[in-house]
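Novice: Oh and the sequence shown: position 20 is 20 in UniProt numbering, straight run, nothing missing.
Can you read through this structure? Questions will come right after.
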Amino acid sequence: MSDGQWVSLFSGGKDSNWALYRALEEGLDVGRLLTVHPEGDSYLYHVPATRLTGLAAESIGIDLVDVEPDDFEAESVTDSSAQGDAELEPMERALRDLADELDGGLAGVTAGAIESEYQTSRIEAMCERLGCDLFAPLWRRDPLDLGAAMLDAGFEITILQVAAYGLDESWLGRTLDYEALDELATLNEEYGVHPLGEGGEFETFVTDGPHMDRPIELAFDTVWEGDRGHVEITDARLAE
1 MSDGQWVSLF SGGKDSNWAL YRALEEGLDV GRLLTVHPEG DSYLYHVPAT RLTGLAAESI
61 GIDLVDVEPD DFEAESVTDS SAQGDAELEP MERALRDLAD ELDGGLAGVT AGAIESEYQT
121 SRIEAMCERL GCDLFAPLWR RDPLDLGAAM LDAGFEITIL QVAAYGLDES WLGRTLDYEA
181 LDELATLNEE YGVHPLGEGG EFETFVTDGP HMDRPIELAF DTVWEGDRGH VEITDARLAE
């Protein structure tokens with residue numbers, strides 16, 4: 001591994017939290033968390049509730065860097081490949097800037113991709129251009145084993161959004177626990193739902209974990225739109 005400090009690509013969801021947690025367990029010096037806040041749908045990034053990452057960063061105790069929507073190119077791109085490349089640019093610029101700030105420069109980035117070649121190939125190419133390493137501890141791991149490992153470690157995970165056949169309104173705001181993981185395994189067999197939602201079937205937020213000093217308390221309403229839905233966060237705070 002290179003000298004310098006690491007940047008954790010961080011959405012607040014379970015996968016990016018797991019990549020960060022495993023990096024810290026491996027003794028990597030993570031100097032910043034970096035959150036991209038895309039506007040609308042994104043081919044590359046986790047979208048819901050990214051504004052909560054400030055609370056998560058405070059609990060984790062690592063400074064957060066935000067990449068805002070106005071950092072993106074204004075024109076819309078219809079081709080998914082071109083959009084993915086365009087969406088990567090502001091993150092890459094932010095990482096280049098951070099390389100000058102970090103102690104010893106940019107050693108590498110952590111990423112939470114499991115099976116997405118679309119996401120991982122772009123991040124790998126970016127790391128090559130930046131001359132840094134990539135730490136992707138979820139890559140090609142069995143998703144059910146990964147989910148169990150997260151729960152075994154003490155992650156508390158809330159489901160914020162669902163968009164897949166077999167996932168109804170009852171999943172909104174639900175805690176992703178062992179029972180839910182068993183149900184997702186069944187839904188995977190019946191409907192092809194990814195057990196950790198990597199295809200966008202569902203999105204999550206980690207409210208507590210072994211790398212966090214204080215849990216995050218959420219209050220929310222649920223919004224159901226016939227075949228998909230999300231939670232609207234009405235309040236979020238660090239527990240006393």
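All C-beta atoms, glycine included, are put in the ideal place defined by N, C-alpha and C.
Answer yes or no: the CB of ILE216 versus the heavy atoms of the ligand ZN, is any distance below 7 Å?
Specialist: With respect to the ligand ZN, the structure shown offers nothing to examine, as it has no ligands at all.
Novice: Could you tell me the boundaries of the beta strand (DSSP E) in which residue 241 lies?
Specialist: For residue 241 there is no data in the structure shown, the boundaries of the chain being 1 and 240.
Novice: Counting only the same chain and skipping the five closest in sequence on each side, list residues whose C-beta sits under 8 Å from that of residue 241.
Specialist: Residue numbering for the chain in the displayed model covers 1 to 240; residue 241 lies beyond these limits and cannot be assessed.
Novice: Just to confirm the assignment, what range does the alpha helix (DSSP H) spanning ARG122 have?
Specialist: 117-130
Novice: Rounding to the nearest angstrom, what Cα-Cα distance links SER116 and GLY147 in this structure?
Specialist: 17 Å
Novice: What residue from LEU238, PHE205, PRO195 and GLY31 has the CA that sits closest to GLY105's CA?
Specialist: GLY31
Novice: Ordered along the chain, which non-local residues of its own chain (more than five positions away) have a Cβ less than 6 Å from that of ALA153?
Specialist: PRO210
Novice: Using 8 Å as the threshold, is the stretch 160-167 in touch with the stretch 197-212, meaning 3 or more CB pairs across them?
Specialist: yes
Novice: Based on the DSSP secondary-structure assignment, which residues constitute the bridge partners of THR53?
Specialist: BP columns for THR53 are empty, so no partner.
Novice: Measure the CB-CB distance between ILE216 and ALA56 and report whether it falls below 8 Å.
Specialist: yes
Novice: Is GLY112 buried or exposed, if buried means 16 or more other CB atoms sit within 10 Å of its CB?
Specialist: buried
Novice: Whole angstroms are fine: how far does the CA of ASP208 sit from the CA of ALA86?
Specialist: 33 Å
Novice: From LEU184 to HIS194, what does the alpha carbon distance come to, in whole angstroms?
Specialist: 8 Å
Novice: Taking the alpha-carbon positions, what's the HIS46 to LEU130 distance?
Specialist: A caution first: HIS46 carries a pLDDT of 41, below 50, which makes its placement in the model unreliable, though a value can still be read off. Approximately 23 Å, taken between the alpha carbons.
Novice: What's the call for TRP18, buried or exposed, on a 16-neighbour Cβ count within 10 Å?
Specialist: buried
Novice: Is the Cβ-Cβ distance between LEU151 and GLY229 less than 8 Å?
Specialist: no
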